[in-house]
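Taking the numbering used here, I'd label the letters of the sequence shown as residues 30 to 318.
To start, the structure under review is shown below, and the notes come after it.
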Amino acid sequence: VQFWIGFPFFAVCLVALLGNIILLIIIPTERSLHQPMYIFLAVLAATDLGLCAAIAPKMLAIFWFRSSSMAFDTCLAQLFFIHALQCMESGILLAMAFDRYIAICDPLRHTSILTPSILGQMIVTVAIRATVLVGLLPILIKRLHVFHSILIAHSYCEHMAVVKLAAEDIRVNKACGLFVGFTILGFDMIFILISYILIFQAVFRLCQKEARLKAFNTCTAHIFVFLEFYILAFFSFFSHRFGHVAPSTHILLSTIYLLVPPALNPIVYGVKNKVIRKRVTQIFLLSHG
């Protein structure tokens with residue numbers, strides 16, 4: 030059964046790799062997409078590619094070749110990259126929500142507020158925040174020396190899955206994990222929700238129905254991606270700490286949480302944007318021509 034489970038995950042990985050690579054080809058080369066929303070989308074695509082690269086090779090090796098061993102430091106490196114990239118993705122979703130807020134609530138100042146230098150500063154801040162805060166997790170795990178097991182009930186090195194193996198006091202590790210989770214995911218989710226409350230208030234004040242629909246239409250892709258990311262993220266986060274989910278179910282759902290958003294994001298944005306749809310069609314027609 031384990032061997033065959035690998036194939037759907039492999040298919041999802043292929044979709045994620047292909048979709049995000051296409052976005053990274055189209056966005057830099059298409060001048061009409063040189064806007065804050067699509068610059069953030071390109072960063073999101075790069076982050077999703079990083080996530081796939083961090084999890085897919087070892088996960089597929091486990092499913093297909095039963096290659097379940099990994100050096101401790103390699104496991105900590107995978108843990109760092111997976112969680113740091115997740116936190117970067119959360120930060121980019123917050124930046125995209127801020128972009129939508131400015132575009133709808135203060136459209137005349139959109140280009141003067143979100144200048145290229147400001148966009149660069151926002152992206153660098155998101156990356157530094159994720160690197161510094163997530164970097165605490167493997168450092169604190171390294172101080173643990175006694176483990177009652179070396180078998181992780183996961184297809185990748187997840188923070189709490191590794192911490193729970195320790196036969197020492199892990200309260201500091203648990204507290205740090207909660208702190209990082211709420212400082213990044215909690216903070217970002219709250220401010221994204223505030224952004225959309227303000228956006229909806231501004232939209233409902235518009236007199237024309239067509240104007241309201243057009244404003245909502247610019248947000249639907251981001252709302253879908255936001256809900257998909259945070260619902261899966263908080264399910265994985267809380268079930269590992271407080272839930273009583275069957276291990277096999279948790280492994281399956283947490284793997285889906287890591288791989289499905291990178292596959293869905295380019296599809297959602299590609300379907301919603303005419304320019305991206307057109308360029309994708311051209312790429313495939315050229316490849317078949």
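Don't be surprised by glycine CBs; every beta carbon is placed ideally from N, CA and C.
Selection from His-251, Pro-291, Met-218, Arg-138 that minimises the alpha carbon distance to Met-320: The question about residue 320 has no answer here: the residues shown for the chain are numbered 30 through 318.
Nearest to Val-41 (by Cα), restricted to the options Val-300, Arg-308, Ala-292: The residue given as residue 41 occupies position 12 in the sequence shown. Cα-wise, what sits closest to Val-41 is Ala-292.
Where Ala-182 sits in the DSSP three-state scheme: Against the sequence shown, residue 182 aligns to sequence position 153. Ala-182: coil per DSSP, three-state reduction.
Own chain, CB closer than 8 angstroms to Phe-233, minus 5 neighbours either side, in chain order: Here the question's residue 233 lines up with position 204 in the sequence shown. Closer than 8 angstroms at Cβ, skipping near neighbours: Arg-241.
Buried/exposed call for Pro-167, threshold 16 Cβ in 10 Å: On the sequence shown, position 138 is the one that residue 167 refers to. Label assigned to Pro-167: buried.
Residues that Phe-176 bridges to, as DSSP identifies them: The sequence position of residue 176 within the sequence shown is 147, counting from 1. Partner(s): Ala-195.
Beta-carbon proximity of Tyr-225 to Leu-261, cut-off 8 angstroms: Start at 1 with the first residue of the sequence shown, and residue 225 comes out as number 196. Start at 1 with the first residue of the sequence shown, and residue 261 comes out as number 232. Cβ atoms of Tyr-225 and Leu-261: not closer than 8 angstroms.
Boundaries (first-last residue) of the alpha helix (DSSP H) holding Ile-206: The residue given as residue 206 occupies position 177 in the sequence shown. Residue identity check: residue 206 is Gly in the sequence provided, not Ile. Taken as a continuous stretch (DSSP letters only), the alpha helix (DSSP H) holding Gly-206 covers 200-210.
Assigned exposure category for Glu-187 - 16 Cβ within 10 Å defines buried: As a working note, residue 187 is residue 158 in the sequence shown. Glu-187 is buried by the Cβ-count criterion.
Cβ-based burial, Cys-116 [other Cβ within 10 Å; buried from 16]: Taking the sequence shown and counting its residues from 1, the one referred to as residue 116 is at position 87. Buried, by the Cβ-count rule.
Secondary structure of Thr-154, DSSP reduced to three states: Numbered from 1 along the sequence shown, position 125 holds the residue referred to as residue 154. DSSP places Thr-154 in helix when its eight states are reduced to three.
Same chain, Cβ closer than 7 angstroms to Ile-68, five either side skipped, listed in chain order: Translated into positions along the sequence shown, residue 68 becomes position 39. Once the five neighbours on either side are set aside, the close Cβ partners of Ile-68 are Leu-148.
Cβ neighbour criterion (16 or more within 10 Å) applied to Thr-76: What you label residue 76 is simply residue 47 of the sequence shown in a count that begins at 1. The residue is buried, with at least 16 neighbouring Cβ atoms inside 10 Å.
is_contact[His-112, chain D] using C-beta, thresh 8 angstroms: Here chain D cannot be found, since the structure has a single protein chain.
8 angstroms contact criterion, which Glu-118 and Phe-208 should meet: CB distance rounded: On the sequence shown, position 89 is the one that residue 118 refers to. On the sequence shown, position 179 is the one that residue 208 refers to. The Cβ separation is near 19 angstroms, so there is no contact.
Euclidean distance between Cα positions of Gly-323 and Phe-39: No statement about residue 323 is possible, as the shown extent of the chain runs from 30 to 318 and does not include it.
Secondary structure of Arg-234, DSSP reduced to three states: In the sequence shown, residue 234 corresponds to position 205, counting from 1. Note: Arg-234 maps to coil in three-state DSSP.
Other residues of its chain near Ile-170: CB distance less than 7 angstroms, five sequence neighbours each side excluded: Numbered from its first residue, the sequence shown carries residue 170 at position 141. Result list for Ile-170: Leu-105, Val-191, Val-192, Asn-202, in chain order.
DSSP three-state assignment for Ser-146, whether helix, strand or coil: Locating residue 146 in the sequence shown gives position 117, where the first residue counts as 1. Three-state DSSP puts Ser-146 in a helix.
Three-state class that DSSP yields for Ile-95 in the structure shown: As a working note, residue 95 is residue 66 in the sequence shown. Correcting the residue identity first, residue 95 is Arg in this sequence and not Ile. Note: Arg-95 maps to coil in three-state DSSP.
Reduced DSSP secondary structure (H/G/I, E/B, other) of Ala-275: Working through the sequence shown from its first residue, we reach residue 275 at position 246. Coil.
Short Cβ contact (8 angstroms threshold) for Ile-152 with His-139: Stepping through the sequence shown from its first residue, residue 152 is reached at position 123. Stepping through the sequence shown from its first residue, residue 139 is reached at position 110. No. Outside cutoff.
Thr-212 to Ile-305 span [Cα, whole Å]: The residue labelled residue 212 in the question sits at position 183 within the sequence shown. The residue labelled residue 305 in the question sits at position 276 within the sequence shown. In a straight line, the C-alpha of Thr-212 is about 34 angstroms away from that of Ile-305.
Distance between Phe-32 and Leu-323 (C-alpha atoms, nearest Å): With the chain represented from 30 up to 318, any question about residue 323 goes unanswered, as that position is not in the structure.
Closest residue to Thr-249 among Gly-299, Pro-57, Leu-89 (Cα-Cα distance): Mapped onto the sequence shown, residue 249 falls at position 220. Checked all of Gly-299, Pro-57, Leu-89; the closest Cα to Thr-249 is Gly-299.
Exposed unless 16 or more other CB atoms sit within 10 angstroms - verdict on Arg-200: Working through the sequence shown from its first residue, we reach residue 200 at position 171. By the 10 Å Cβ count, Arg-200 comes out exposed.
Touch test, the segment 47-66 against the segment 92-108, Cβ-Cβ under 8 angstroms, three pairs minimum: no
Rounded distance between the beta-carbons of Ala-83 and Phe-127, thought under 8 angstroms: Numbered from its first residue, the sequence shown carries residue 127 at position 98. Numbered from its first residue, the sequence shown carries residue 83 at position 54. Not a contact, Cβ separation roughly 27 angstroms.
Alpha-carbon to alpha-carbon, Ser-141 and Glu-239: Taking the sequence shown and counting its residues from 1, one reaches residue 239 at position 210. Taking the sequence shown and counting its residues from 1, one reaches residue 141 at position 112. Spanning the two alpha carbons is a distance of roughly 26 angstroms.
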